[in-house]
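Asks:
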Amino acid sequence: MSTTERTYIMVKPDGVQRGLVGKIITRFEERGYKIVALKFVQPTEEHLEKHYADLRNKPFFPGLIKYMASGPVVAIVFEGLDAVKTGRAMLGATNPLASPIGSIRGDFCLAVGRNIIHGSDSVESANKEIALWFPEGITEWKSVFENWIY
Ligand code: RTP
1 MSTTERTYIM VKPDGVQRGL VGKIITRFEE RGYKIVALKF VQPTEEHLEK HYADLRNKPF
61 FPGLIKYMAS GPVVAIVFEG LDAVKTGRAM LGATNPLASP IGSIRGDFCL AVGRNIIHGS
121 DSVESANKEI ALWFPEGITE WKSVFENWIY
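Number 97 in UniProt numbering belongs to position 97 of the sequence shown; there are no gaps in the numbering.
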């Protein structure tokens, strides 16, 4: 665990359509995570098939790709202590109905097929996803608040 651990977070098309981008970013910033990459992008089906390659044999895969390609997403890399595991806890469970109140999915959505946000499930996946979504690299910077957070 390090203070520079990174996770890939993505506001899905329904999160963008419902105007939840600001609230989602605020939760991570208020917790103490630092944005090191961010962009608004309309993903292609081909790109999404790479992102969700591990799920290609699941029955819901075609529907998942159509949903994820249905509009723009916000791709973000957050950096901070235990970013991957804590980020997943902040998201809640895959099924919003099984997500605790206070988690992003537990507070803002209902259906597994419209669960508004993605978060990396391991440091290894985070590294792969960051390379896939930000091939141009990310911006290194030092926050003046870091001494107050750590
Ligand atoms: P994500 O990758 O999007 O953060 O979600 P996750 O790890 O919590 O869940 P995963 O099993 O990787 O599934 C990826 C996304 O596929 C959709 N899904 N639909 N039964 C279904 O219809 C079903 N199961 C999963 C969800 O959008 C899920 O987030």
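From the three backbone atoms N, C-alpha and C, an ideal C-beta is built for every residue, glycine too. All values reported here derive from a predicted model rather than from experimental measurement.
How do the segment 133–143 and the segment 100–109 stand: do at least 3 beta-carbon pairs fall below 8 Å, yes or no?
Replies: no
Asks: If you run the structure through DSSP and keep just helix, strand and coil, what is A93?
Replies: Position 93 of the sequence shown, counted from the start, is the residue given in the question as residue 93. A93 falls in the coil class under three-state DSSP.
Asks: Should I130 and L91 be called a contact, given that it needs their Cβ atoms to be closer than 8 Å?
Replies: Numbered from 1 along the sequence shown, position 130 holds the residue referred to as residue 130. Numbered from 1 along the sequence shown, position 91 holds the residue referred to as residue 91. Contact: no.
Asks: Quick one: complete beta strand (DSSP E) runs, 3+ long, within the UniProt domain "Nucleoside diphosphate kinase-like" (4–140)?
Replies: 6–11, 34–41, 73–79, 117–119
Asks: Take K66 as the anchor and find which of V74, D54, V21, E49 has the nearest alpha-carbon.
Replies: Within the sequence shown, numbered from 1, the residue matching residue 66 stands at position 66. Residue E49 is the option with its Cα nearest to K66.
Asks: Relative to the C-alpha of P13, which residue among G102, D82, V73 is closest?
Replies: Counted from its first residue, the sequence shown places residue 13 at position 13. Nearest option by C-alpha distance: V73.
Asks: Under 7 Å from any heavy atom of the ligand RTP, does the C-beta of L55 make it?
Replies: Counted from its first residue, the sequence shown places residue 55 at position 55. Yes, Cβ of L55 sits closer than 7 Å to a heavy atom of the ligand RTP.
Asks: I'd like the list of long-range same chain contacts for T4, defined as Cβ closer than 7 Å, with 5 residues on each side in sequence excluded.
Replies: Taking the sequence shown and counting its residues from 1, one reaches residue 4 at position 4. Taken in chain order, the residues that qualify are E79.
Asks: Leaving out the 5 sequence neighbours to the left and right, which residues in its chain are closer than 8 Å to T44 when beta-carbon positions are compared?
Replies: As a first step, residue 44 is located in the sequence shown; it is residue number 44 there, counting from the start. Answer for T44: A69, listed in chain order.
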